[in-house]
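Asker: 1 is the number of the first residue of the sequence shown in full-length UniProt numbering; add one for each residue after it.
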Amino acid sequence: MRNYIIEDLPHYYEQYKKSIKNPKKFWDGIADKNFVWYQRWNKVVKYDMDKAKITWFKNAKLNITKNCLDRHLSIRGEKTAIIWEPNDPQEKSQHISYSELYRRVNKTANVLKEMGIKKGDRVCIYLPMIPELAVVMLACAKLGAVHSVIFAGFSAAAVASRVNDCGAKMMITSDGSYRGSKILDLKSIIDEALEQCQTVEHVLVVKRTDNKVNMQEGRDFWMEGLFEKTSADFVTQIMDAEDPLFILYTSGSTGKPKGMLHTCAGYMVYTGYTFKNVFNYQENDVYWCTADIGWITGHSYILYGPLINGATTVIFEGIPTYPEPDRFWEIIEKHKVTQFYTAPTAIRSLAKESADWVDKHDLSSLRVIGSVGEPINDEAWHWFNDHVGRKKCPIVDTWWQTETGGIMISPIPFVTPTKPTYATLPLPGVQPVLMDDKRNEITGNQVTGNLCIRFPWPGIARTIWGDHQRYKETYFTAFPGKYFTGDGALRDEVGYYRITGRVDDVVIVSGHNLGTAPIEDSINEHPAVAESAIVGFPHDIKGSALYGFVILKESGESRQKENLKKEINQLISDQIGPIAKLDKIQFVSGLPKTRSGKIMRRILRKIAEGDLSNFGDISTLLNPEIVEEIKIERI
Ligand code: 6R9
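1. With 16 as the cutoff for other CB atoms within 10 Å, does residue 633 come out buried or exposed?
2. Taking the C-alpha atoms as reference points, what is the distance between residue 19 and residue 309?
3. Counting only the same chain and skipping the five closest in sequence on each side, list residues whose C-beta sits under 6 Å from that of residue 52.
4. Considering only heavy atoms of the ligand 6R9, does any lie closer than 7 Å to the CB of residue 499?
5. How far does the beta strand (DSSP E) with residue 531 in it extend, from its first residue to its last?
6. Helix, strand or coil: how does DSSP classify residue 176 here?
7. What residue from 305, 331, 354 and 380 has the CA that sits closest to residue 362's CA?
8. List the endpoints of the continuous beta strand (DSSP E) containing residue 452.
9. With distances taken from CA atoms, which of 604, 536, 370 and 412 is nearest residue 592?
10. Report all residues from its chain with a CB closer than 7 Å to the CB of residue 585; omit the five preceding and five following residues, and keep chain order.
11. Near residue 327, what residues of its chain come up, given a Cβ to Cβ distance below 6 Å and the 5 sequence neighbours on each side ignored?
12. With hydrogens ignored, establish whether the beta-carbon of residue 596 is closer than 7 Å to any heavy atom of the ligand 6R9.
13. Go ahead and pull the three-state DSSP assignment for residue 155.
14. Between which residues of its own chain and residue 529 is the CB-CB distance below 8 Å, once the five residues before and five after are set aside?
15. To the nearest angstrom, how far is the alpha carbon of residue 140 from that of residue 125?
16. For the alpha helix (DSSP H) that residue 271 lies in, which residues bound it at each end?
17. I need the straight-line Cα distance from residue 243 to residue 263, nearest angstrom please.
18. Relative to the ligand 6R9, is the shortest distance from any of its heavy atoms to the C-beta of residue 374 smaller than 7 Å?
19. Rounded to the nearest angstrom, what separates residue 15 and residue 391 at their Cα positions?
20. From the DSSP output, which residues share a beta bridge with residue 613?
21. Cβ atoms of residue 500 and residue 507: under 8 Å apart, would you say?
22. Please report the distance separating the alpha-carbon of residue 638 from that of residue 23.
23. Using DSSP's beta-bridge definition, name the partner residues of residue 202.
24. Given a cut-off of 8 Å on the beta-carbon distance, is the pair residue 49 and residue 115 in contact?
25. Where does residue 491 land, buried or exposed, given buried means 16+ other C-beta within 10 angstroms?
26. For the 8 Å Cβ check, are there 3 or more pairs between the region 277–291 and the region 365–373?
27. On the CB-based measure, 16 or more other CB atoms within 10 Å of its CB, does residue 255 come out buried or exposed?
28. Measuring from the CB of residue 487, is there a heavy atom of the ligand SAH at a distance below 7 Å?
29. Just to confirm my understanding: we take residue 401, look at its own chain, exclude 5 residues before and 5 after, and list those with CB closer than 7 Å. What are they?
30. To the nearest angstrom, how far is the alpha carbon of residue 10 from that of residue 268?
31. Secondary structure at residue 213, three-state DSSP: helix, strand or coil?
32. What residues in its chain sit with their C-beta under 6 Å from that of residue 132, if we drop five residues either side in the sequence?
33. What's the gap between the Cα of residue 289 and the Cα of residue 539?
34. Just verifying my parser: in three-state terms, what is the DSSP assignment at residue 26?
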């Protein structure tokens, strides 16, 4: 990012001010200096927030893969682009160079083309975390097809609804997937899903587990066989700035899936710029993000952002606890990882284990550690800081969304002083505003409100696939003229932001607005508590009251449950006030979570309300079986 590296705090403020005063000039400079284009734009940004119409770099011509691959070949062709770490530590890891990745992408783009895929066609991808996943996404981008990655853990029904929503012409999957000690049969899930889909003409199957699979004559083909035969030359498709790059369905929403559409130029510029600055990436670093590529974090910060910057990015196939709960720490030590980016849910689950698992590893290669996906509670922040960062690595608590394409609010490492549980300051070009429920802007500091963004940034999703009206209604009507994030935030005395959670997680008890996240934080500080979730339920006198679902650590299991309840409420009372005490506490063995680790509060709310029917589609949960248990043991 020539000329756009943020060097120190005054420089941040200077860049920030420039970006707000003249966003066009700011983004024009970044786009101009750091990317390769076939043709320049004639307008940096054009927007109408009421109609939810936004364009960036209008009429520019480009292909993101030129920026991810081609331009690196002459200077870092032999450099490792991808380090692939398999599920089983006994299996060899792979180092794939930029030139080898380029070759594989070209051959795969030829395979897709020969199978009839053209610019604009949608290709659904249902693959484990193997190198081919990155290769097929880039191959789609290279030929101009729109990829839609579906997390390879979703059920057949969830797959079918996504395939049908985007009208995919092709599906790419594998014969199976290794997850810890399990083998998942991906191909039969796809077979079942496709019984309900009319648009898919071909299924390409990547070999991974050597499972026996059914191959449907004329529809299904082994990728390997086709790949071997094709040429390694491919002429890159020239894309318009606003041509679709990918569709990604957001997790955890009710009803019809929401296919967020990202387009070529703005997404490229935004992920490239934010990756470089937020992770302080340097040429010989080894960067690792533990997310699944099936989520936006994986798209932007395993694949596109790192490759745009010529980085070495780790792709890990397995899970944090296999074969032992120190797998993450072992991988950091093995590959000398310099940036480690993970989620609070992973941090909390590993913090439950003995600290010896992490302390015994040499993590001295680490320079920056990061968190994303949900608010990171105080306890988890400190554990991450003490045991993983060893008090030497800044923690970048990065707030953003599938819809935002890239990181929006985050410390810049070695620049922004961090503060536990705070995402701190907006990145240049991002204008957060806090709004009250009457649609007035809340100015000043030490205030809380609904988090909106005033001005478009290049990475913003342009629409919901096939439903622009829904896009407009969801994001641009609650607070006219602004993008509404659905999150609440607090702005402290120096202007730092702390994301307090989804605004729909606020419960009003006897007229007091209580955010559930801070209550959970204080419960989690109880030595016997591993994790908790609070929801509201109707109460005759208070309007709403609080219901807590609490997971105990093993050490807490044997304690007297009634005493524990009293202690938990005393803790809340001490830290927040008696008003925040829980009316009901149910001890549970797990919480319903989405695949990206978010608690499905919608389900807990229904259980707390006593509405035990019609939970909607729970097949996309990580642990659907827990719902039954919680339901039966409801108080
Ligand atoms: C990137 C991603 C978006 C929602 C978002 C917010 C929550 C993400 C956070 C955070 C607090 C952070 N969220 N990062 N909350 N602090 N650092 O997670 O995208 O899956 O679309 O979720 O996640 O509630 O609105 P997505």
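For glycine and all other residues, C-beta sits at the position ideal for the given N, C-alpha and C.
Answerer: Short version:
1. exposed
2. 21 Å
3. 471, 472 and 476
4. Residue 499: yes, Cβ under 7 Å from the ligand 6R9.
5. Unbroken beta strand (DSSP E) run through residue 531: 529–539.
6. coil
7. 331
8. Its beta strand (DSSP E) spans residues 447–453.
9. 604
10. 548, 550, 565 and 568
11. Counting only Cβ-Cβ distances below 6 Å, and skipping sequence neighbours, we find 320.
12. yes
13. If DSSP states are grouped into helix, strand and coil, residue 155 belongs with coil.
14. 523, 550, 551, 552, 553, 556 and 568
15. 10 Å
16. 264–278
17. If you take the alpha carbons of residue 243 and residue 263, they lie about 5 Å apart.
18. yes
19. 28 Å
20. DSSP lists no partner for residue 613.
21. no
22. No answer is possible for residue 638: the residues shown for the chain start at 1 and end at 635.
23. 170
24. no
25. buried
26. yes
27. Only weak support is given to the placement of residue 255: the predicted model assigns it a pLDDT of 45, under 50, and the value that follows is read from those uncertain coordinates. The residue in question, residue 255, is exposed, as its Cβ has fewer than 16 Cβ neighbours within 10 Å.
28. Of the ligands one can find in the structure shown, namely the ligand 6R9, none is the ligand SAH.
29. 485
30. In a straight line, the C-alpha of residue 10 is about 27 Å away from that of residue 268.
31. coil
32. 206
33. 43 Å
34. helix
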